[in-house]
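*Asks:* Protein chains in written order, with my numbering: chain R, 1 to 375; chain U, 1 to 586; chain X, 1 to 278.
Glycine included, every Cβ here is placed at the ideal spot set by N, Cα and C.
Here the structure is a predicted model, which is why all the values come from computation and not from measurement.
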Amino acid sequence: MLDGNRGPLPAIAERASVMADLFEPLFWYITAWTTAGFLLVCALLTWCCIAYRRKPGRISTPRILGSHRLELFWTVTPLLVFLTFYAWGVYVYDKAVHPPADAPEVYVIGKQWMWKAQYPNGQRVIIGGNPKNMTEEDRQNIGALVLPLNRPVKVTFISEDVIHDFGVPAFRQKIDVIPGRYVSTWYQPTKLGEFHVFCDQYCGAWHSLMVGKIKVVPAAEFDAFLEGKGGAQGSPNPVDGSLAHKGLQHFQRLECNTCHIPNAAIGTGRHARAPNLEGLYGRDVPIKGGITIRADDQYLRDAIVNPGKHIVEGWERAMPGNYGTQVSEEDLNALIAYIKWLRPGTQLGPNNNSVAPYGAPRQTPETNKSPGGKQ
Amino acid sequence: MSIVIGDTPRTAPPPPEPETPRRNYLNETSGFWSWALTVDHKRIGILYLVSITAFFLVGGIAAGLVRANLLTPNGAILTEDQYNKAFTAHGVVMLFLFLIPSIPAVFGNFLVPLMIGAKDLAFPRLNLASWYVFMIGAAFMVWGLLSGGIDTGWTLYPPYSSRYSHASVAPGVFGVFITGFSSIMTGLNIMVTVHKMRAPGMTWGRLPLFIWAMYATSFIQLLGTPVVAITLLLLLVERLAGVGIFDPSIGGDPVLYQHLFWFYSHPAVYIMIVPGMGVVSEVLTCFSRKNIFGYKAVAWSSVGIAVVGFLVWAHHMFVAGISYYSALLFSFLTMLVAVPSAIKVFNWVATLYRGSITFQAPMMFTLAFLVLFTVGGVTGMFLATMGTDIHLHDTYFVVAHFHFVMVGGMVLAYLAGIHFWWPKMTGRMYSDFWSKTSATVIFVGFFFTFVPQFVLGYHGMPRRYPNYPEEFQVYNVLSTAGASILGVGYLMPAVYLTLSLFFGPKASANPWSATGLEWQVPSPPTVFNFEYLPITVCGPYEYAIGVDQMGRGLPEPPGAGDDNPATRVGATLLPGPQPKETEVVG
Amino acid sequence: MSASTHGHGTVLKHHFDNLEQQHSAERLGMWFFLVTEVLFFTGMFVAYTVYRNWYPGEFAFASSHLLWWVAAINTGLLITSSLTMTLAIRSAQLGDKAGLIRRLLLTFALGAGFMGFKAFEYATDYHEKFVPGEMFRTEYARPLAELTADDAKRKFEGRPALTRTEVESYQFKGEYEHWSQDLAKRNYGREPATEGTVSPERVQLFLCFYYIMTGIHGVHIIVGLGCILWLVFEAYRGAIPREAYSKVEVISLYWHLVDMIWLFLMPLLYLIRSGGGQ
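1) Under the rule that 16 or more other beta-carbon atoms within 10 Å means buried, what is K506(U), buried or exposed?
2) Any beta carbon from chain U within less than 9 Å of Q298(R)'s own beta carbon?
3) How is W115(R) classed by DSSP in three states: helix, strand or coil?
4) Determine the chain X residues that contact T231(U) at a beta-carbon separation under 8 Å, and present them in chain order.
5) Relative to the C-alpha of K436(U), which residue among V398(U), F454(U), G489(U) is closest?
6) Confirm, please, whether the CB-CB distance from V133(U) to F98(U) is below 9 Å.
7) C538(U) by DSSP, collapsed to three states: which one?
8) Counting pairs of Cβ atoms below 8 Å between the segment 331–341 of chain R and the segment 274–288 of chain R, do you hit three or more?
9) Quick one: which residues of the segment 119–138 of chain U get their C-beta closer than 7 Å to a C-beta of chain C? List them in chain order.
10) Apply the 10 Å Cβ neighbour rule to N127(U) and answer buried if 16 or more other Cβ atoms are within range, or exposed otherwise.
11) Over what stretch of residues does the alpha helix (DSSP H) that includes K213(R) continue unbroken?
12) From E531(U), I273(U), A170(U), pick the residue whose C-alpha is nearest to that of F140(U); which is it?
13) If I'm right that V455(U) touches L9(R) with Cβ under 8 Å, what's the distance once you round it to whole angstroms?
14) Going by C-alpha to C-alpha distance, which of A63(U), T53(U), F107(U) sits closest to H41(U)?
15) For S199(X), which option in G252(U), I273(U), F219(U) has the closest C-alpha, if you only look at C-alpha atoms?
16) Taking only three categories from DSSP, how would you classify C203(R)?
17) Taking only beta-carbon atoms, is H459(U) less than 9 Å away from chain R?
18) Which residue spans inside the segment 62–134 of chain X form an unbroken beta strand (DSSP E) run of at least 3?
19) Among residues of its own chain, excluding the 5 on either side of Y475(U), which ones have a beta-carbon nearer than 6 Å to its beta-carbon?
20) Just to confirm, is the Cβ distance from H250(R) to D331(R) under 9 Å?
21) L269(X) to H245(R), Cα distance in whole Å?
22) So the alpha helix (DSSP H) S182(U) belongs to, where does it begin and stop?
23) Of the choices A439(U), D81(U), V280(U), whose alpha-carbon is the least far from that of T152(U)?
24) Report yes or no: is there a C-beta of chain R within less than 9 Å of the C-beta of A63(U)?
25) Where does P565(U) fall in DSSP's three states?
26) Please state whether DSSP places I305(U) in a helix, a strand or coil.
27) Using a Cβ-Cβ cut-off of less than 7 Å, list which residues of the segment 544–561 of chain U approach chain X; keep chain order.
28) D17(X) by DSSP, collapsed to three states: which one?
29) Which of helix, strand or coil does DSSP assign to Y430(U)?
30) Specify whether the segment 152–162 of chain X and the segment 103–116 of chain X touch according to this definition: at least 3 beta carbon pairs, one from each stretch, less than 8 Å apart.
31) At the level of alpha carbons, what is the spacing between H127(X) and A184(X)?
32) Taking the alpha-carbon positions, what's the A235(X) to T75(X) distance?
33) Mind listing the chain U neighbours of V50(X)? Cutoff is C-beta to C-beta under 7 Å, in chain order.
34) Is the number of C-beta pairs between the segment 117–124 of chain X and the segment 257–269 of chain X that are closer than 8 Å three or more?
35) From G570(U) to F45(X), what distance separates their C-alpha atoms?
36) Under a CB-based cut-off of 9 Å, is T225(U) close to chain X?
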């Protein structure tokens, strides 16, 4: 798992999928035979070098030319052993490249130097990549490819430019991602957690930063994620393509965050001119005049289009009243979905940088002593 | 089990050692033009030797940069762009400017005529042309490296190499294209020579196994290289013209490039090992004083590798988008191509059985080859097996595998050959102590460099990555440490071999007491090789009887120490019908 | 093996034992070289086969717009040059220096004629802008623009859009029917990549093959012409006596191969027939 552990690697690499469980016995079977063969050769060599080293006196060696039986033996035996590798390998490969018929399909696009995924319902996630190659919006949406535990998912890939490769060591799967042609593979995760995604086909300058994460969550959380609830993908924003994400875009367009600053900005010297919205939905809000109102959809709608209706205790009436003319009903639904989504710590402030994906160079310029700068 | 043992033929005492003539191919003529316009295959071999050593240094420096950069997870000394150019330079220079020419162009050129009793190769001027073509190709590649480098990896996959790379790709690709012609010329020359210019008595069944290996290699060079030539040309056109047949936007297929590229590049890896196997057969037999076990098996396995090696290319492409049924076929064929190599290893080990073994440097390098090549070969099985290849493809497992076979195999065999034939080529002997030391240092350094990479690959560390997750750092540091030892080991021969040219003792014609025809002429040889027509009367490797291929007795083998010349086995075959081989039943 | 076949002092090279061995080696060497040439072209033929399999319609379309009559003349020239080359060997074997030089020059002339027609063909293609890449794209855009403009004008005037027959009989402004016009007509009104369309991108793919394959073949012809000139020079200075005829034979082997490659190349590029109607 991605925990930055620097210690020695485990003897058996982490297995997190059905394919990994199929890979491992085959790998060790081949290891057993090849190690045995290698040790046999080493033993024979060592024994011969010791037993038959040159001894003083007359050199006398027998004129041995060969043996048909031995040749046959050590032709046929390796061949048979290799054919067992082959047969088992075919079995594993067959499973790896043939997705189950009913698995839901996720699309993944590779491009220099990032991975984008799109779910069946239209939600989009940036799986990972080099932040410097992304738009600002993409940078804010870097998350993980979310997959459900113990359920198969078919993934279909295409590249926008050069050949890449989507490699997941913990799943023991990889597939070249080609421009101009769709290719598919499938995963059935068997373990919760986060796992490396590497680009495994050299694709240019930032090939080694085209890395990302797969996040395996319980099936229920995955279903919730598909419905736009919850941040299973781990990016700071709601999933691109969900209603809440559209709301975020309106939120940013209307610059609501200049007044409704997030909790994280407290203590930075910026003054909030409006109540904090994180975790607001569903709370009881104290209103001037002594009443308390539960912050539900209707309350939020009123607060946006008719801000004078209820003033929160401790604040003055400051919000302009003309937002109603700048948002349609659809926009309102989206905004409300976004505010519902906001939990403490999730709102990006005006100057927040996005989180870099795993494997990206650390942003510590003062300790970076390399002669060339990274570009 | 029945083992074929030959009767000992009737023999007479050996003739006296010939005096080394003062004029040889090195000093017969002097001056720049006598070398620049030489058509003597031996001088051309030396020209190749000097040039590829220089390129080995360049490729080695690139390797040093790569390994040093991998000391830390985020690039210790290079930017990403510089790293990409470094590993590409390492691959391109090492493969095309060192490994492919190494044994064929140095030892093939020098030894093939000598071993078969000819005065020169079939086409001496073509031979010289091959060196010039090689140098012109190398010049283009160096131009590419200096004018901005190439950053595509030695495999040059489009669309990156044709449309997206901003580096100096065209000169480098053109350089590789040109050097391919050098390879074809050398292969053609050797094949025609072996067919047409064998001395009397040198039948196919009496050819040294080195010649069989060179013949098989030349076969591959001849058939495979033209395909990569056209592939690179197509790539070059696409890069320069902006439109081409691998471009998906006009319906082209980048995977087609991979098929065409690997159709050559897989057989190419056999060009990069089979000559080494030939050297191993020569050295093992000489230093164990025994006949090769299974001559026909070893000879035919070289041919088998060459032929079947053309049928397995798509095992580099199991995850590249080939069809399921293609993958089934190619994996099966790959299992077949592994068998001849296994046969050779077992035959070599059996050759040592009941031998009389000494451990001078050529033998040490050869024994190291046997160990390391076996590792390389068996780790190939993981990649040949489709189910495991999915995970291991394009990881450090592959990097470790091919370095084991190419470096642990071919480079060590090349060094074994250098140490074996150095006295013949230069007329000087080198330090026994330092040569054995360098073999040890190289073996140890190599092991520590590449064994950790198997672990890294199994855990999924991708290749061509200047940045990697922190948990991989320990093994990377270990690998770099090994690489520093390896570098020191490589420098040692450069030093003591050069010193031997000036201070080493003069070598006799046959310091190792070997049976080949090349050892029956002075060290260094004269310009026309043989002052008389050599007539071959028996197979190579008649060490047990103690005769060379012309039926004369062998001198005292080295390391015999207190062996009394009066009691040595060497003797001359008497004329007349020779007894047939008899089979011992039981 | 002995000196019985030892010919002119300079003919037998020092590293060969006798002339027979030398000639035999030279011939074998040339045959091996021809094998490499076959493999060199095979790479292209394989790639061509793959794409022709995938895009038969586009390949047929593009092929039908090449100058087949130039290819026919060139085939005739090349086959005849192979004849004259073989006759040149005969002259060399007979020691007929004048005849040898005459026949070599004739071969040269025929080969040069081939290159001349090829140059004319390339110039015509270039003039037609039948070249993949930017030239093709801009050239194709012109008739397309014209058709679309006309169609839009009709719709603006309230008349229905151009019918299929009207499109096919539409005369573009310009001197003559052009490949781009043919292509525009075939694709007019159809969605890209549907039944019956000819993808302009894949036509460019064919053109890549056309230029690369004929270009590389042309380079081989030029090299052959150089070798023939060298033979003429050698013959002129007396370096091809009867015993050294194998020089001519070896070059003629190369020339025959280049001819044979053309015999495969030409039908694959020029004689693709689509199944009527397309």
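*Replies:* Short version:
1) Position 506 of the second sequence holds residue 506(U). Exposed, because fewer than 16 other Cβ atoms sit within 10 Å of the Cβ of K506(U).
2) To locate residue 298(R), count along the first sequence from 1; it is residue 298. Residue contact check for Q298(R) against chain U: no CB pair falls below 9 Å.
3) As a first step, residue 115(R) is located in the first sequence; it is residue number 115 there, counting from the start. In the three-state reduction of the DSSP assignment, W115(R) falls in the strand class.
4) The residue given as residue 231(U) occupies position 231 in the second sequence. Correct list: G43.
5) For the purposes of this step, residue 436(U) is taken as residue 436 along the second sequence, with counting starting at 1. Selection V398(U), F454(U), G489(U) evaluated against K436(U) yields G489(U) as nearest (Cα-Cα).
6) Residue mapping note: residue 98(U) aligns to position 98 of the second sequence, counting from 1. Residue mapping note: residue 133(U) aligns to position 133 of the second sequence, counting from 1. When the beta-carbon positions are compared, F98(U) and V133(U) stay at least 9 Å from each other.
7) Here residue 538(U) refers to the residue found at position 538 of the second sequence. Residue state, collapsed to three classes: coil.
8) The segment 331–341 of chain R is in contact with the segment 274–288 of chain R.
9) Annotation note: the requested chain C is absent from the structure, which comprises protein chains R, U and X.
10) Walking along the second sequence from the start, residue 127(U) turns up at place 127. Burial state of N127(U) is buried, judged by a 10 Å Cβ sphere holding 16 or more other Cβ atoms.
11) Along the first sequence, one-based indexing puts residue 213(R) at 213. Counting along the chain, K213(R) sits inside no alpha helix (DSSP H); it lies in the beta strand (DSSP E) bounded by residues 212–217.
12) By one-based count along the second sequence, residue 140(U) stands at place 140. Nearest C-alpha to F140(U): A170(U).
13) Walking along the second sequence from the start, residue 455(U) turns up at place 455. Walking along the first sequence from the start, residue 9(R) turns up at place 9. Going by Cβ atoms, the distance from V455(U) to L9(R) rounds to 6 Å, so yes, they are a contact pair.
14) As a first step, residue 41(U) is located in the second sequence; it is residue number 41 there, counting from the start. Considering only alpha carbons, the answer is F107(U).
15) Taking the first residue of the third sequence as position 1, residue 199(X) is located at position 199. Ranking G252(U), I273(U), F219(U) by Cα distance to S199(X) puts G252(U) first.
16) For this step, residue 203(R) is matched to residue 203 along the first sequence. Coil, per DSSP.
17) Here residue 459(U) refers to the residue found at position 459 when the second sequence is read from its first residue. Answer yes: the Cβ-Cβ gap between H459(U) and chain R drops below 9 Å somewhere.
18) Counting only runs of 3 or more residues that sit fully inside the segment 62–134 of chain X, no beta strand (DSSP E) segment turns up.
19) For the purposes of this step, residue 475(U) is taken as residue 475 along the second sequence, with counting starting at 1. The answer, listed in chain order, is P452, V455, L456.
20) Position 250 of the first sequence holds residue 250(R). Position 331 of the first sequence holds residue 331(R). A contact, by the Cβ cut-off of 9 Å.
21) On the third sequence, position 269 is the one that residue 269(X) refers to. On the first sequence, position 245 is the one that residue 245(R) refers to. Going by C-alpha positions, L269(X) is about 55 Å away from H245(R).
22) As a first step, residue 182(U) is located in the second sequence; it is residue number 182 there, counting from the start. Per DSSP, S182(U) belongs to the alpha helix (DSSP H) from 169–196.
23) What you label residue 152(U) is simply residue 152 of the second sequence in a count that begins at 1. If we check each option's Cα against that of T152(U), D81(U) comes out closest.
24) On the second sequence, residue 63(U) is found 63 positions in, with the first residue counted as 1. It does not: the Cβ of A63(U) has no partner Cβ on chain R nearer than 9 Å.
25) Position 565 of the second sequence, counted from the start, is the residue given in the question as residue 565(U). Note that P565(U) has pLDDT 37, beneath the 50 cutoff, so the model's placement of it is unreliable and the number below is only indicative. When secondary structure is reduced to three states using DSSP, P565(U) falls in the helix class.
26) By one-based count along the second sequence, residue 305(U) stands at place 305. Note: I305(U) maps to helix in three-state DSSP.
27) Correct list: empty, as no residue qualifies.
28) Counting from 1 along the third sequence, the entry for residue 17(X) is found at position 17. In the three-state reduction of the DSSP assignment, D17(X) falls in the coil class, being assigned neither a helical nor a strand state.
29) Your numbering for residue 430(U) matches position 430 in the second sequence. DSSP places Y430(U) in coil when its eight states are reduced to three.
30) Verdict: no, contact absent.
31) For this step, residue 127(X) is matched to residue 127 along the third sequence. For this step, residue 184(X) is matched to residue 184 along the third sequence. The alpha-carbon atoms of H127(X) and A184(X) are separated by roughly 19 Å.
32) Residue 235(X) sits at position 235 when you count from the first residue of the third sequence. Residue 75(X) sits at position 75 when you count from the first residue of the third sequence. Taking the straight line from one Cα to the other gives about 28 Å.
33) Translated into the one-based positions of the third sequence, residue 50(X) becomes position 50. Listed along chain U, the residues sitting closer than 7 Å to V50(X) by beta-carbon distance are L256.
34) No, they do not touch.
35) Position 570 of the second sequence holds residue 570(U). Position 45 of the third sequence holds residue 45(X). Note that G570(U) has pLDDT 40, beneath the 50 cutoff, so the model's placement of it is unreliable and the number below is only indicative. Near 58 Å, if we compare the C-alpha coordinates of F45(X) and G570(U).
36) Position 225 of the second sequence holds residue 225(U). Cβ-Cβ to chain X under 9 Å: yes for T225(U).
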